[in-house]
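S.K.:
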Amino acid sequence: MYSTSQSKNINIMKSKFRIVIVLLTVVISGGFVIQFRAANSTISPDEGCVFKTVFEGEGIEKEFYLPISEAVEAVCNAGLEWLVTAQNKSGGFGAGSHSDRNTGNQNQVATDPATTAMVAMAILRDGSNLDQGIYTKQLSLATDYLLECVENSPAGASNITTLQNTQIQSKLGGNIDVILTCQYLTNLLDEINDETVYSRVEDAVSKCVRKIEKSHEGTGAVASSGWAGVLQSSFAANSLEAAEAKGIAVDKEVLKKAKDNQKENYDVESGTIATGSAAGVMLYSVSGSSRASAKDARKASATIDQAVEDGKVESAAPVTIDNLMKAGMELNEAEESMTSYQVYNASKTRAQAADVIAGFGNNGGEEFMSFLQTGEGLIVNKDMEWQQWYNGTSQRLIDIQNKNGSWHGHHCITSPVFCTATSLLILSVNNDIDALVAQGAEQK
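Numbering (numbering that gives the first Met the number 0), first residue to last: 0 to 443.
1. Once DSSP output is grouped into helix, strand and coil, what is the label at Val221?
2. Which of helix, strand or coil does DSSP assign to Ala172?
3. Return the chain-ordered list of same chain residues with a C-beta closer than 8 Å to the C-beta of Leu330, the five sequence neighbours on each side being excluded.
4. Work out the CA separation of Asn380 and Leu65 for me, nearest whole Å.
5. Helix or strand or just coil, what does DSSP make of Tyr134?
6. Does the separation of the CB atoms of Ala121 and Thr142 fall below 9 Å?
7. Mind reading off the beta-carbon distance from Cys418 to Gly364? Whole number of angstroms is fine, and I expect it under 8 Å.
8. Tyr197 by DSSP, collapsed to three states: which one?
9. Whose C-alpha, out of Leu187, Lys311, Ser414 and Glu69, is nearest the C-alpha of Phe367?
10. I'd like the span of the alpha helix (DSSP H) that includes Thr348, first residue to last.
11. Quick one: give me the first and last residue of the alpha helix (DSSP H) that Phe370 is part of.
12. Look at the alpha carbon of Ala85 and the alpha carbon of Ile191, and state the distance between them as a whole number of angstroms.
13. Quick one: what does DSSP say Thr392 is sitting in, helix, strand or coil?
14. Please name the residue in Ile211, Gly270 and Asp266 whose C-alpha comes closest to that of Glu252.
15. Roughly how many angstroms lie between the CA atoms of Ala301 and Ala440, to the nearest whole one?
16. Please work out which residues of its chain come closer than 6 Å, Cβ to Cβ, to Ser369, disregarding the five sequence neighbours upstream and downstream, and give them in chain order.
17. If you draw a straight line from the alpha carbon of Gly376 to that of Ile178, how long is it in whole angstroms?
18. In terms of residue numbering, what span does the alpha helix (DSSP H) encompassing Thr421 cover?
19. Please report the straight-line C-alpha distance between Ile432 and Ile399, rounded to a whole angstrom.
20. Taking the alpha carbon of Tyr183 as the reference point, which residue from Val149, Ser346 and Glu308 has its own alpha carbon closest?
21. Could you tell me which residues DSSP puts in a beta bridge with His215?
22. Buried or exposed: where does Thr195 fall if 16 or more other Cβ atoms within 10 Å of its Cβ makes it buried?
23. According to DSSP, simplified to helix, strand and coil, what is Tyr265?
24. Just tell me which of Thr165, Lys256 and Gln438 has its CA closest to the CA of Ala293.
25. Report the CB separation of Gln231 from Ile175 in whole angstroms; it is logged as a contact under 8 Å.
26. Is it buried or exposed, Gly270, if we count other Cβ atoms within 10 angstroms and call 16 or more buried?
27. Under a Cβ-count criterion, where at least 16 other Cβ atoms within 10 Å of its own Cβ denotes burial, should Ala315 be classed as buried or exposed?
28. Mapping the DSSP letters down to three states, classify Lys311 as helix, strand or coil.
29. Among residues of its own chain, excluding the 5 on either side of Ser405, which ones have a beta-carbon nearer than 6 Å to its beta-carbon?
30. Tell me the DSSP secondary structure of Asn186 in three-state form.
31. Please report how far the alpha carbon of Leu371 lies from the alpha carbon of Val204, in whole angstroms.
32. Using only the alpha-carbon positions, how far apart do Thr160 and Ala154 sit?
33. Just confirm the distance between the C-beta atoms of Ala116 and Leu79, as a whole number of angstroms; I'd bet it's less than 8 Å.
34. Just to confirm, is the Cβ distance from Ser223 to Ser152 under 9 Å?
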(Lines of atoms letter the chains of each structure in order from A and count residues from 1; the text may use other names and numbers.)
(Lines give C-alpha, C1' and ligand atoms only; values in the text may rest on other atoms or scores of the structure.)
Protein backbone atom coordinates (compact mmCIF):
# COMPACT_ATOMS: atom_id res chain seq x y z
CA MET A 1 0.00 0.00 0.00
CA TYR A 2 1.24 3.47 -0.83
CA SER A 3 1.94 5.95 1.91
CA THR A 4 -0.24 9.05 2.06
CA SER A 5 2.39 11.24 0.41
CA GLN A 6 3.09 8.68 -2.31
CA SER A 7 -0.61 8.34 -3.00
CA LYS A 8 -0.97 12.12 -3.33
CA ASN A 9 1.90 12.45 -5.78
CA ILE A 10 0.71 9.52 -7.88
CA ASN A 11 -2.86 10.80 -8.06
CA ILE A 12 -1.77 14.31 -9.02
CA MET A 13 0.53 12.96 -11.73
CA LYS A 14 -2.28 10.78 -13.07
CA SER A 15 -4.68 13.70 -13.06
CA LYS A 16 -2.28 15.93 -15.01
CA PHE A 17 -2.00 13.33 -17.74
CA ARG A 18 -5.69 12.48 -17.82
CA ILE A 19 -6.88 16.06 -18.23
CA VAL A 20 -5.40 16.10 -21.74
CA ILE A 21 -7.89 13.49 -22.89
CA VAL A 22 -11.02 14.97 -24.43
CA LEU A 23 -14.10 13.46 -26.07
CA LEU A 24 -13.32 10.30 -27.99
CA THR A 25 -15.37 8.41 -30.50
CA VAL A 26 -15.10 4.70 -31.02
CA VAL A 27 -16.60 2.84 -33.93
CA ILE A 28 -17.67 -0.61 -32.85
CA SER A 29 -17.81 -3.44 -35.36
CA GLY A 30 -21.43 -3.71 -36.44
CA GLY A 31 -21.76 -0.15 -37.60
CA PHE A 32 -22.85 1.90 -34.61
CA VAL A 33 -20.89 4.58 -32.79
CA ILE A 34 -20.41 5.01 -29.05
CA GLN A 35 -19.07 8.24 -27.64
CA PHE A 36 -17.22 8.08 -24.37
CA ARG A 37 -15.34 10.33 -22.01
CA ALA A 38 -12.14 9.61 -20.12
CA ALA A 39 -11.64 10.81 -16.57
CA ASN A 40 -11.22 14.59 -16.15
CA SER A 41 -12.17 15.27 -19.78
CA THR A 42 -13.97 18.43 -20.84
CA ILE A 43 -17.74 18.48 -20.46
CA SER A 44 -19.81 20.58 -22.86
CA PRO A 45 -22.01 23.24 -21.26
CA ASP A 46 -25.23 21.55 -22.42
CA GLU A 47 -24.32 18.16 -20.99
CA GLY A 48 -25.66 16.96 -17.66
CA CYS A 49 -25.31 13.31 -16.81
CA VAL A 50 -22.17 12.02 -18.58
CA PHE A 51 -21.80 8.26 -18.91
CA LYS A 52 -18.52 6.52 -19.68
CA THR A 53 -18.73 3.28 -21.64
CA VAL A 54 -15.03 3.02 -22.42
CA PHE A 55 -12.91 0.05 -21.45
CA GLU A 56 -10.52 1.89 -19.13
CA GLY A 57 -9.81 -0.28 -16.13
CA GLU A 58 -6.71 -2.39 -15.87
CA GLY A 59 -7.68 -6.06 -15.56
CA ILE A 60 -11.38 -5.40 -16.21
CA GLU A 61 -12.98 -7.29 -19.09
CA LYS A 62 -14.74 -5.11 -21.63
CA GLU A 63 -17.96 -7.04 -21.08
CA PHE A 64 -18.06 -5.93 -17.45
CA TYR A 65 -19.06 -2.42 -18.54
CA LEU A 66 -22.72 -1.78 -19.30
CA PRO A 67 -24.02 0.68 -21.91
CA ILE A 68 -26.57 3.11 -20.50
CA SER A 69 -29.98 3.58 -22.07
CA GLU A 70 -31.27 6.94 -23.23
CA ALA A 71 -34.10 6.55 -20.72
CA VAL A 72 -31.63 6.44 -17.83
CA GLU A 73 -29.72 9.46 -19.16
CA ALA A 74 -32.97 11.41 -19.41
CA VAL A 75 -34.06 10.70 -15.83
CA CYS A 76 -30.57 11.51 -14.54
CA ASN A 77 -30.54 14.86 -16.28
CA ALA A 78 -33.99 15.69 -14.91
CA GLY A 79 -32.92 14.61 -11.43
CA LEU A 80 -29.78 16.73 -11.50
CA GLU A 81 -31.64 19.78 -12.76
CA TRP A 82 -34.09 19.53 -9.86
CA LEU A 83 -31.46 18.64 -7.28
CA VAL A 84 -29.24 21.70 -7.70
CA THR A 85 -32.22 24.01 -7.16
CA ALA A 86 -32.27 22.82 -3.54
CA GLN A 87 -28.81 24.23 -2.75
CA ASN A 88 -28.65 26.75 0.08
CA LYS A 89 -26.65 29.98 -0.15
CA SER A 90 -24.12 28.40 2.23
CA GLY A 91 -23.38 25.75 -0.39
CA GLY A 92 -25.03 23.04 1.67
CA PHE A 93 -28.15 20.96 1.17
CA GLY A 94 -30.60 19.83 3.83
CA ALA A 95 -33.12 17.10 4.53
CA GLY A 96 -34.89 18.85 7.38
CA SER A 97 -35.48 17.65 10.92
CA HIS A 98 -37.10 14.46 12.12
CA SER A 99 -40.05 16.44 13.44
CA ASP A 100 -40.57 18.32 10.17
CA ARG A 101 -39.96 15.68 7.51
CA ASN A 102 -42.44 16.98 4.96
CA THR A 103 -41.19 20.54 4.49
CA GLY A 104 -42.12 21.57 0.96
CA ASN A 105 -39.49 24.24 0.30
CA GLN A 106 -36.14 22.48 0.25
CA ASN A 107 -34.25 25.79 0.37
CA GLN A 108 -35.71 26.65 3.76
CA VAL A 109 -34.63 23.56 5.70
CA ALA A 110 -31.42 23.62 7.72
CA THR A 111 -28.44 22.34 5.77
CA ASP A 112 -26.58 19.30 7.06
CA PRO A 113 -23.31 17.62 6.04
CA ALA A 114 -24.83 14.16 5.45
CA THR A 115 -27.32 15.36 2.85
CA THR A 116 -24.76 17.70 1.30
CA ALA A 117 -22.26 14.84 0.97
CA MET A 118 -24.83 12.61 -0.77
CA VAL A 119 -25.66 15.37 -3.23
CA ALA A 120 -21.97 16.06 -3.86
CA MET A 121 -21.30 12.37 -4.50
CA ALA A 122 -24.19 12.29 -6.97
CA ILE A 123 -22.94 15.34 -8.88
CA LEU A 124 -19.39 13.98 -8.96
CA ARG A 125 -20.46 10.54 -10.14
CA ASP A 126 -22.72 12.05 -12.77
CA GLY A 127 -19.79 13.75 -14.51
CA SER A 128 -18.92 17.14 -12.99
CA ASN A 129 -15.86 17.89 -10.86
CA LEU A 130 -14.28 20.99 -9.31
CA ASP A 131 -12.75 22.13 -12.61
CA GLN A 132 -15.30 21.33 -15.28
CA GLY A 133 -18.82 20.20 -15.90
CA ILE A 134 -22.27 21.75 -15.95
CA TYR A 135 -22.53 21.58 -12.15
CA THR A 136 -18.97 22.59 -11.25
CA LYS A 137 -20.14 25.72 -9.41
CA GLN A 138 -22.62 23.82 -7.26
CA LEU A 139 -20.11 21.07 -6.50
CA SER A 140 -17.41 23.57 -5.54
CA LEU A 141 -19.76 25.35 -3.13
CA ALA A 142 -20.85 22.05 -1.57
CA THR A 143 -17.22 20.96 -1.23
CA ASP A 144 -16.25 24.19 0.52
CA TYR A 145 -19.20 23.78 2.87
CA LEU A 146 -18.11 20.25 3.80
CA LEU A 147 -14.43 21.14 4.17
CA GLU A 148 -15.32 23.98 6.53
CA CYS A 149 -17.48 21.60 8.58
CA VAL A 150 -14.53 19.22 8.94
CA GLU A 151 -11.90 21.88 9.55
CA ASN A 152 -13.99 23.75 12.13
CA SER A 153 -14.88 20.64 14.13
CA PRO A 154 -12.91 19.97 17.35
CA ALA A 155 -10.31 17.25 16.99
CA GLY A 156 -11.79 15.29 19.89
CA ALA A 157 -15.36 15.36 18.57
CA SER A 158 -16.74 12.27 16.85
CA ASN A 159 -18.82 14.28 14.39
CA ILE A 160 -18.35 17.37 12.23
CA THR A 161 -21.56 19.21 13.09
CA THR A 162 -23.38 20.37 16.21
CA LEU A 163 -26.73 19.75 14.51
CA GLN A 164 -28.89 17.16 16.21
CA ASN A 165 -32.07 15.31 15.35
CA THR A 166 -31.78 15.84 11.60
CA GLN A 167 -33.91 13.49 9.55
CA ILE A 168 -30.82 11.54 8.48
CA GLN A 169 -29.35 11.33 11.98
CA SER A 170 -32.63 10.14 13.50
CA LYS A 171 -32.96 7.30 11.04
CA LEU A 172 -29.32 6.29 10.47
CA GLY A 173 -27.34 7.58 13.45
CA GLY A 174 -25.77 10.60 15.08
CA ASN A 175 -22.40 10.16 13.33
CA ILE A 176 -23.68 9.73 9.78
CA ASP A 177 -22.55 13.25 8.78
CA VAL A 178 -18.82 12.57 9.16
CA ILE A 179 -19.19 9.13 7.57
CA LEU A 180 -20.81 10.32 4.35
CA THR A 181 -18.55 13.39 4.19
CA CYS A 182 -15.51 11.13 4.44
CA GLN A 183 -16.86 9.00 1.60
CA TYR A 184 -17.40 12.01 -0.67
CA LEU A 185 -14.03 13.64 0.00
CA THR A 186 -12.28 10.31 -0.58
CA ASN A 187 -14.07 9.90 -3.91
CA LEU A 188 -13.06 13.45 -4.85
CA LEU A 189 -9.31 12.85 -4.49
CA ASP A 190 -8.86 11.29 -7.93
CA GLU A 191 -10.56 14.27 -9.57
CA ILE A 192 -8.32 17.02 -8.14
CA ASN A 193 -5.59 18.60 -10.27
CA ASP A 194 -4.45 21.34 -7.89
CA GLU A 195 -1.87 20.18 -5.33
CA THR A 196 -2.97 22.69 -2.69
CA VAL A 197 -6.60 21.64 -2.98
CA TYR A 198 -5.55 17.99 -2.96
CA SER A 199 -3.66 18.44 0.30
CA ARG A 200 -6.59 20.23 1.91
CA VAL A 201 -9.02 17.48 0.94
CA GLU A 202 -6.60 14.74 1.93
CA ASP A 203 -6.14 16.31 5.37
CA ALA A 204 -9.90 16.49 5.77
CA VAL A 205 -10.28 12.81 4.86
CA SER A 206 -7.65 11.86 7.44
CA LYS A 207 -9.46 13.90 10.11
CA CYS A 208 -12.76 12.24 9.20
CA VAL A 209 -11.16 8.79 9.40
CA ARG A 210 -9.91 9.51 12.92
CA LYS A 211 -13.41 10.59 13.95
CA ILE A 212 -15.02 7.49 12.46
CA GLU A 213 -12.49 5.28 14.22
CA LYS A 214 -13.24 7.12 17.48
CA SER A 215 -16.98 6.54 17.08
CA HIS A 216 -16.64 2.77 16.72
CA GLU A 217 -17.73 0.59 19.61
CA GLY A 218 -15.94 -2.62 20.57
CA THR A 219 -18.39 -4.64 18.47
CA GLY A 220 -17.48 -2.83 15.26
CA ALA A 221 -20.75 -0.89 15.18
CA VAL A 222 -20.81 2.92 15.20
CA ALA A 223 -22.11 4.66 18.31
CA SER A 224 -25.23 6.86 18.41
CA SER A 225 -27.24 4.42 16.33
CA GLY A 226 -30.50 5.56 14.74
CA TRP A 227 -33.67 3.70 13.76
CA ALA A 228 -31.73 1.73 11.13
CA GLY A 229 -28.26 2.05 12.65
CA VAL A 230 -26.96 -0.92 10.69
CA LEU A 231 -26.79 1.38 7.66
CA GLN A 232 -24.71 3.97 9.52
CA SER A 233 -22.27 1.23 10.54
CA SER A 234 -22.20 -0.25 7.07
CA PHE A 235 -21.43 3.06 5.38
CA ALA A 236 -18.73 3.67 7.99
CA ALA A 237 -17.04 0.41 6.98
CA ASN A 238 -17.33 1.45 3.32
CA SER A 239 -15.78 4.86 4.04
CA LEU A 240 -12.83 3.39 5.89
CA GLU A 241 -12.25 0.79 3.18
CA ALA A 242 -12.37 3.47 0.46
CA ALA A 243 -9.98 5.76 2.35
CA GLU A 244 -7.51 2.92 2.86
CA ALA A 245 -7.63 2.14 -0.86
CA LYS A 246 -6.58 5.76 -1.54
CA GLY A 247 -3.54 5.44 0.74
CA ILE A 248 -5.02 7.14 3.80
CA ALA A 249 -3.84 5.65 7.10
CA VAL A 250 -6.66 3.57 8.58
CA ASP A 251 -6.60 1.50 11.76
CA LYS A 252 -6.74 -2.01 10.32
CA GLU A 253 -8.21 -3.51 13.48
CA VAL A 254 -11.08 -1.00 13.49
CA LEU A 255 -11.74 -1.65 9.79
CA LYS A 256 -11.71 -5.42 10.33
CA LYS A 257 -14.15 -5.17 13.23
CA ALA A 258 -16.39 -2.85 11.23
CA LYS A 259 -16.59 -5.30 8.32
CA ASP A 260 -16.95 -8.34 10.60
CA ASN A 261 -19.83 -6.60 12.37
CA GLN A 262 -21.69 -6.44 9.05
CA LYS A 263 -20.82 -9.99 8.03
CA GLU A 264 -22.06 -11.33 11.35
CA ASN A 265 -25.56 -10.11 10.56
CA TYR A 266 -25.87 -13.10 8.22
CA ASP A 267 -25.51 -16.64 9.58
CA VAL A 268 -24.71 -18.78 6.55
CA GLU A 269 -25.33 -22.13 8.21
CA SER A 270 -28.80 -21.33 9.52
CA GLY A 271 -29.74 -18.62 7.03
CA THR A 272 -30.67 -16.42 9.98
CA ILE A 273 -30.42 -12.67 9.43
CA ALA A 274 -29.97 -10.35 12.40
CA THR A 275 -32.20 -7.30 12.08
CA GLY A 276 -32.02 -5.87 15.60
CA SER A 277 -30.10 -2.79 14.44
CA ALA A 278 -31.97 -2.73 11.13
CA ALA A 279 -35.42 -1.81 12.46
CA GLY A 280 -36.46 -5.38 11.75
CA VAL A 281 -35.98 -4.87 8.00
CA MET A 282 -34.00 -7.67 6.35
CA LEU A 283 -32.97 -5.55 3.35
CA TYR A 284 -30.93 -3.14 5.48
CA SER A 285 -28.95 -5.99 7.04
CA VAL A 286 -28.23 -8.16 4.01
CA SER A 287 -27.22 -5.24 1.80
CA GLY A 288 -24.63 -4.29 4.42
CA SER A 289 -23.44 -7.89 4.72
CA SER A 290 -22.96 -8.29 0.98
CA ARG A 291 -21.16 -4.95 0.68
CA ALA A 292 -18.83 -5.57 3.65
CA SER A 293 -17.84 -9.05 2.46
CA ALA A 294 -17.43 -8.20 -1.25
CA LYS A 295 -13.71 -7.40 -1.21
CA ASP A 296 -12.68 -10.35 0.94
CA ALA A 297 -14.87 -12.73 -1.06
CA ARG A 298 -13.20 -11.52 -4.24
CA LYS A 299 -9.81 -12.21 -2.70
CA ALA A 300 -10.88 -15.78 -1.92
CA SER A 301 -11.95 -16.38 -5.52
CA ALA A 302 -8.79 -14.76 -6.91
CA THR A 303 -6.63 -16.88 -4.62
CA ILE A 304 -8.18 -20.08 -5.99
CA ASP A 305 -7.87 -18.83 -9.59
CA GLN A 306 -4.17 -18.15 -9.05
CA ALA A 307 -3.72 -21.55 -7.38
CA VAL A 308 -5.27 -23.23 -10.42
CA GLU A 309 -2.88 -21.33 -12.69
CA ASP A 310 0.06 -22.35 -10.49
CA GLY A 311 -1.01 -25.98 -10.48
CA LYS A 312 -1.62 -26.06 -6.72
CA VAL A 313 -5.24 -27.15 -7.07
CA GLU A 314 -7.22 -28.84 -9.82
CA SER A 315 -8.94 -26.90 -12.58
CA ALA A 316 -12.34 -25.53 -11.55
CA ALA A 317 -11.51 -26.17 -7.89
CA PRO A 318 -14.17 -24.67 -5.58
CA VAL A 319 -13.47 -22.16 -2.84
CA THR A 320 -12.99 -24.27 0.27
CA ILE A 321 -10.86 -23.96 3.37
CA ASP A 322 -8.74 -26.89 2.20
CA ASN A 323 -8.14 -25.40 -1.24
CA LEU A 324 -7.37 -21.97 0.20
CA MET A 325 -4.74 -23.59 2.39
CA LYS A 326 -3.32 -25.45 -0.60
CA ALA A 327 -3.09 -22.05 -2.27
CA GLY A 328 -0.89 -20.81 0.58
CA MET A 329 -3.20 -19.40 3.25
CA GLU A 330 -2.79 -20.21 6.92
CA LEU A 331 -5.77 -21.93 8.59
CA ASN A 332 -7.11 -18.80 10.30
CA GLU A 333 -6.94 -16.72 7.13
CA ALA A 334 -8.51 -19.53 5.10
CA GLU A 335 -11.41 -19.79 7.55
CA GLU A 336 -12.03 -16.05 7.51
CA SER A 337 -11.84 -15.92 3.71
CA MET A 338 -14.25 -18.81 3.43
CA THR A 339 -16.71 -17.09 5.75
CA SER A 340 -16.55 -13.88 3.68
CA TYR A 341 -17.06 -15.87 0.49
CA GLN A 342 -20.10 -17.65 1.90
CA VAL A 343 -21.62 -14.52 3.44
CA TYR A 344 -21.18 -12.56 0.22
CA ASN A 345 -22.78 -15.15 -2.02
CA ALA A 346 -25.67 -15.83 0.34
CA SER A 347 -26.41 -12.22 1.25
CA LYS A 348 -26.18 -10.83 -2.29
CA THR A 349 -28.82 -13.36 -3.33
CA ARG A 350 -31.14 -12.47 -0.46
CA ALA A 351 -30.62 -8.74 -1.05
CA GLN A 352 -32.00 -9.13 -4.58
CA ALA A 353 -34.97 -11.34 -3.71
CA ALA A 354 -38.34 -9.72 -4.41
CA ASP A 355 -39.63 -10.09 -0.85
CA VAL A 356 -36.44 -8.54 0.56
CA ILE A 357 -36.31 -5.67 -1.94
CA ALA A 358 -39.73 -4.64 -0.66
CA GLY A 359 -37.90 -3.44 2.47
CA PHE A 360 -40.23 -1.71 4.91
CA GLY A 361 -43.12 -2.14 2.49
CA ASN A 362 -42.52 1.02 0.49
CA ASN A 363 -39.48 3.08 -0.41
CA GLY A 364 -37.77 5.36 2.08
CA GLY A 365 -34.25 6.71 1.87
CA GLU A 366 -33.11 3.59 3.72
CA GLU A 367 -34.29 1.41 0.82
CA PHE A 368 -32.45 3.55 -1.72
CA MET A 369 -29.26 3.35 0.36
CA SER A 370 -29.62 -0.42 0.60
CA PHE A 371 -30.04 -0.76 -3.17
CA LEU A 372 -26.87 1.30 -3.59
CA GLN A 373 -24.93 -0.92 -1.19
CA THR A 374 -25.98 -4.10 -2.98
CA GLY A 375 -24.94 -2.78 -6.39
CA GLU A 376 -21.63 -1.32 -5.30
CA GLY A 377 -20.80 -4.56 -3.52
CA LEU A 378 -21.37 -6.54 -6.71
CA ILE A 379 -19.02 -4.23 -8.60
CA VAL A 380 -16.35 -4.26 -5.88
CA ASN A 381 -16.44 -8.06 -6.15
CA LYS A 382 -16.19 -7.92 -9.99
CA ASP A 383 -19.41 -9.90 -10.06
CA MET A 384 -21.15 -9.91 -13.46
CA GLU A 385 -24.49 -10.11 -11.66
CA TRP A 386 -24.20 -6.37 -11.15
CA GLN A 387 -25.64 -5.86 -14.64
CA GLN A 388 -28.78 -7.83 -13.83
CA TRP A 389 -29.10 -5.89 -10.57
CA TYR A 390 -28.63 -2.60 -12.43
CA ASN A 391 -31.21 -3.30 -15.12
CA GLY A 392 -33.84 -4.21 -12.55
CA THR A 393 -33.05 -1.43 -10.10
CA SER A 394 -32.72 1.32 -12.70
CA GLN A 395 -36.12 0.45 -14.15
CA ARG A 396 -37.62 0.49 -10.66
CA LEU A 397 -36.24 4.00 -10.12
CA ILE A 398 -37.40 5.24 -13.52
CA ASP A 399 -40.91 4.04 -12.74
CA ILE A 400 -41.16 5.99 -9.46
CA GLN A 401 -39.46 9.26 -10.42
CA ASN A 402 -41.61 12.32 -9.72
CA LYS A 403 -42.71 14.55 -12.59
CA ASN A 404 -40.38 17.34 -11.42
CA GLY A 405 -37.35 15.02 -11.70
CA SER A 406 -37.00 14.21 -8.00
CA TRP A 407 -37.51 11.08 -5.92
CA HIS A 408 -38.88 11.04 -2.38
CA GLY A 409 -39.35 8.52 0.40
CA HIS A 410 -42.68 7.26 1.68
CA HIS A 411 -41.47 6.51 5.19
CA CYS A 412 -38.70 7.59 7.60
CA ILE A 413 -36.17 9.31 5.31
CA THR A 414 -38.67 11.11 3.10
CA SER A 415 -36.44 14.01 2.02
CA PRO A 416 -36.60 14.44 -1.76
CA VAL A 417 -33.10 15.93 -1.72
CA PHE A 418 -31.53 12.94 0.01
CA CYS A 419 -33.58 10.38 -1.93
CA THR A 420 -32.89 12.05 -5.29
CA ALA A 421 -29.15 12.13 -4.60
CA THR A 422 -29.13 8.45 -3.61
CA SER A 423 -31.17 7.46 -6.66
CA LEU A 424 -28.75 9.30 -8.94
CA LEU A 425 -25.81 7.53 -7.29
CA ILE A 426 -27.45 4.22 -8.22
CA LEU A 427 -28.33 5.19 -11.78
CA SER A 428 -24.85 6.55 -12.58
CA VAL A 429 -22.84 3.85 -10.79
CA ASN A 430 -21.51 2.83 -14.21
CA ASN A 431 -19.28 5.90 -14.10
CA ASP A 432 -17.43 4.49 -11.08
CA ILE A 433 -16.79 0.95 -12.29
CA ASP A 434 -13.02 1.45 -12.40
CA ALA A 435 -12.86 3.09 -8.97
CA LEU A 436 -15.05 0.48 -7.28
CA VAL A 437 -13.19 -2.44 -8.85
CA ALA A 438 -9.90 -0.85 -7.77
CA GLN A 439 -11.25 -0.45 -4.23
CA GLY A 440 -11.88 -4.19 -4.14
CA ALA A 441 -8.35 -5.09 -5.24
CA GLU A 442 -5.90 -6.47 -2.71
CA GLN A 443 -3.68 -3.71 -1.29
CA LYS A 444 0.02 -4.32 -2.04
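Glycine included, C-beta positions come from ideal geometry on N, C-alpha and C.
M.R.: This is what the structure holds:
1. strand
2. Checking the sequence shown, residue 172 turns out to be Gly, not Ala. Strand, per DSSP.
3. Ile320 and Met324
4. 16 Å
5. coil
6. no
7. 5 Å
8. helix
9. Ser414
10. Leu330 to Ala350
11. Gly364 to Val379
12. 25 Å
13. helix
14. Ile211
15. 10 Å
16. Leu282, Tyr283 and Ser286
17. 18 Å
18. Pro415 to Leu426
19. 25 Å
20. Val149
21. Val221
22. exposed
23. strand
24. Gln438
25. 5 Å
26. exposed
27. exposed
28. coil
29. Trp81, Pro415 and Thr419
30. helix
31. 22 Å
32. 12 Å
33. About 16 Å; that fails the 8 Å criterion.
34. no
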